[in-house]
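S.K.:
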Amino acid sequence: MELTQKQVNVENQAIFIADDMLIVGCDIGSETHYIRAIDVRGRVLGYGTFEFSNTSEGFENARAWVLKLAAKMKRNR
């Protein structure tokens, strides 16, 4: 199904990234995942990629990494 131009315009208006946001991308694997944080200009923040396992503990570690990085970089969203 293709979107109409009006739907595309509405979708684009909904996308808003502010300077105080931490943007986190995730590469998902079956056993191991990797996350990396960037700023609004696409610059890598922190110490590159964070690797974590596909377990509850792994996700808690990833959450802690993101929160620590957000505080360090003064990002509140």
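Basically our numbering = 1-based index in the sequence shown + 59.
Backbone N, C-alpha and C fix where the C-beta goes; we use that ideal spot for every residue, glycine too.
What you are looking at is a predicted structure, and each value in this text was computed from that prediction instead of being measured.
(1) Am I right that Asp78 and Val99 are in contact with their C-beta atoms under 8 Å? What's the rounded C-beta distance?
(2) For the beta strand (DSSP E) holding Phe109, just list the boundary residues, first then last.
(3) How long is the line joining the alpha carbons of Asn120 and Phe111, rounded to whole angstroms?
(4) Exposed or buried, what is Ala123 when buried is set at 16 or more other beta-carbons lying within 10 Å of its beta-carbon?
(5) What are the boundary residues of the beta strand (DSSP E) that includes Arg95?
(6) Name the two residues that bound the continuous alpha helix (DSSP H) containing Gly88.
M.R.: Concretely, from the data shown:
(1) Going by Cβ atoms, the distance from Asp78 to Val99 rounds to 6 Å, so yes, they are a contact pair.
(2) For Phe109, the uninterrupted beta strand (DSSP E) segment begins and ends at Val103 to Ser112.
(3) For the pair Asn120 and Phe111, the Cα-to-Cα distance works out to about 7 Å.
(4) With fewer than 16 other Cβ atoms inside 10 Å of its own Cβ, Ala123 counts as exposed.
(5) Residues Thr91 to Ile97.
(6) Counting along the chain, Gly88 falls outside any alpha helix (DSSP H), and DSSP gives it neither H nor E.
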